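Residue numbers (the working numbering), protein chains in the order written: chain A, -1 to 110; chain B, 4 to 127.
Heads up, the beta-carbon is just placed ideally off N, CA and C, and yes, glycines get one too.
If you're wondering where the values come from, they're calculated on a predicted model, not measured in any experiment.
Notes follow once the structure below has been shown.
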């Protein structure tokens, strides 16, 4: 069983649409959670952290449900530039300290 | 923001040769650096955790004798793919965790990592 699971998509949406991505994680001891964005052939870039109380950054809203081990990302008023792969990332501890575990990513394509 | 560079950005080599990839933190010190590998349409998989001045910790299934990691300074970690084969062709990405200055000396910040731009390796 994968440690961090996401629907790979692709999600094809028109400009202006609202789209939501979900992610589940298996390790209940996970410490913290993030959404990263990765463009084709580029490195991942931090989009936002995810807090239990939920947090919003402009058109992006992230939520965490620790009881269900579930994380979500909502994008409102989609722009063409939002087209990318969105990676759900969980911070965990291993014997070398803490580490990031990446989900497989959800691909979003915003069409004009 | 913190900047991490990787060199080279792209490399093509013949099967059997060794390739060295450098990861540098340009404007901060990093006690810990991470090496990831990403195959096409797959997610990043952690290969190893590199701590300055000590041996790297490898993830299960990653051969330490094949992927040599050296973290000799607080701003540089290198990954050497030895005797590369076509199946080693992949996108290799490093990340660096900034060091915190504490009364006890340098330690790693809790969880922030900054990623390099990646190195695309093609083995013919």
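TODO: Kindly confirm or deny that the segment 9 to 17 of chain B and the segment 6 to 23 of chain A touch, where touching means at least three C-beta pairs closer than 8 angstroms.
DONE: The segment 9 to 17 of chain B vs the segment 6 to 23 of chain A: no contact.
Open item on the list: Let's see if you can read the secondary structure: which residues bound the beta strand (DSSP E) around residue 37(B)?
Closed with: 33 to 41
TODO: Assign residue 98(A) to one of three DSSP states: helix, strand, or coil.
DONE: strand
Task: Neighbourhood of residue 88(B) by C-beta distance below 7 angstroms, restricted to the same chain and skipping five residues each side - done: Exclusion of the five residues before and after residue 88(B) leaves 18, 126 as the residues of its chain whose Cβ lies within less than 7 angstroms of its Cβ.
Open item on the list: I'd like the span of the beta strand (DSSP E) that includes residue 62(A), first residue to last.
Closed with: 58 to 63
Task: Minimum Cβ-Cβ distance from residue 57(A) to chain B less than 9 angstroms - done: no
- [ ] Pull out every residue of the segment -1 to 12 of chain A whose Cβ sits closer than 7 angstroms to any Cβ of chain B, in chain order.
- [x] none
Task: Residue closest to residue 28(A), alpha-carbon to alpha-carbon, out of 12(A), 99(A), 38(A), 105(A) - done: 99(A)
- [ ] Taking only the alpha-carbon atoms, compute the straight-line gap between residue 111(B) and residue 82(A) and give it to the nearest angstrom.
- [x] Note that residue 111(B) has pLDDT 48, beneath the 50 cutoff, so the model's placement of it is unreliable and the number below is only indicative. Rounded to the nearest angstrom, the two C-alpha atoms are 30 angstroms apart.
TODO: Would you mind giving the Cβ-Cβ distance between residue 55(B) and residue 77(B), rounded to the nearest angstrom? I have them listed as a contact below 8 angstroms.
DONE: Right, their Cβ atoms sit about 5 angstroms apart.
Task: Cβ-based neighbour list, residue 115(A), same chain, cut-off 6 angstroms, excluding 5 preceding and 5 following - done: The first residue shown for chain A is -1 and the last is 110, placing residue 115(A) beyond what the model contains.
Open item on the list: When you compare the CB of residue 97(A) with every CB in chain B, is at least one pair closer than 9 angstroms?
Closed with: yes
Open item on the list: Which residue wins for smallest C-alpha separation from residue 86(B), given the options 26(B), 42(B), 69(B), 36(B)?
Closed with: 69(B)
Open item on the list: Please state the DSSP three-state secondary structure of residue 66(A).
Closed with: Of the three classes helix, strand and coil, the one that applies to residue 66(A) here is coil, per DSSP.
TODO: May I ask which residues mark the beginning and end of the beta strand (DSSP E) holding residue 17(A)?
DONE: 17 to 23
TODO: Tell me, please, whether the CB atom of residue 98(B) is closer than 9 angstroms to any CB atom in chain A?
DONE: yes
Open item on the list: Let me check understanding here. Comparing Cα to Cα, which of 32(A), 8(A), 12(A), 26(A) lies closest to residue 101(A)?
Closed with: 32(A)
Task: Which residues DSSP lists as bridging residue 101(B), in chain order - done: 33(B)
- [ ] Taking 9 angstroms as the cut-off, decide whether the C-beta atoms of residue 122(B) and residue 96(B) are in contact.
- [x] Yes, these two residues count as a Cβ contact at 9 angstroms.
TODO: Under 7 angstroms between beta-carbons, which chain A residues line up against residue 18(B)? List them in chain order, please.
DONE: Here the premise fails: no neighbours, minimum Cβ distance about 23 angstroms.
- [ ] Enumerate in chain order the residues of its own chain whose CB-to-CB distance from residue 78(A) is below 7 angstroms, with the five nearest sequence positions on each side excluded.
- [x] Counting only Cβ-Cβ distances below 7 angstroms, and skipping sequence neighbours, we find 13, 108, 110.
Open item on the list: Considering only the alpha carbon of each residue, which of 76(A), 70(A), 35(A), 22(A) lies closest to residue 49(A)?
Closed with: Of 76(A), 70(A), 35(A), 22(A), the residue nearest in Cα terms is 70(A).
Task: Pairwise C-alpha distance: residue 15(B) and residue 52(A) - done: 45 angstroms
Task: Helix, strand or coil at residue 111(B) [DSSP, three-state] - done: With a pLDDT of 48 at residue 111(B), under the threshold of 50, the modelled position of this residue cannot be trusted, and the question is left open.
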